Amino acid sequence: MVWDYFILVSLVVSAMALYFNTISIIKKIHRGEETFKDTFLGSILFGYIMLCFFTRILSILNHV
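Heads up, the sequence shown is in numbering that gives the first Met the number 0, so the first residue is 0 and it goes up one at a time.
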């Protein structure tokens with residue numbers, strides 16, 4: 000039960016961080032700056048969100 004709340008809160012925080020990271024990448028590309036670190040961080044955040052999402056879906060399917 001506590002694990003579900005942790006996943007929910009961490010997903011919301013990760014989604015917000017991914018959104019602000021994407022905005023940062025767009026601004027840096029517009030200015031012509033290097034975006035490797037931001038792109039790498041964004042890919043890690045996106046992977047975490049997808050991992051949690053699919054883990055939750057599989058958990059629901061196993062209980063049906």
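Beta carbons are placed, not taken as given, at the ideal position from N, Cα and C, and that holds for glycine.
Everything numeric in this text was worked out from a predicted model, so none of it was measured.
- Between the region 26-36 and the region 8-15 there are fewer than three inter-stretch CB-CB distances shorter than 8 Å, so the stretches are not counted as touching.
- In the structure shown, Thr-54 falls within a helical segment according to DSSP collapsed to helix, strand and coil.
- Nearest C-alpha to Ile-6 among Ile-24, Asp-37, Leu-50: Leu-50.
- Boundaries of the alpha helix (DSSP H) harbouring Met-15: 1-30, taken from the DSSP string.
- Residue state for Thr-38 is assigned as helix, using DSSP reduced to three classes.
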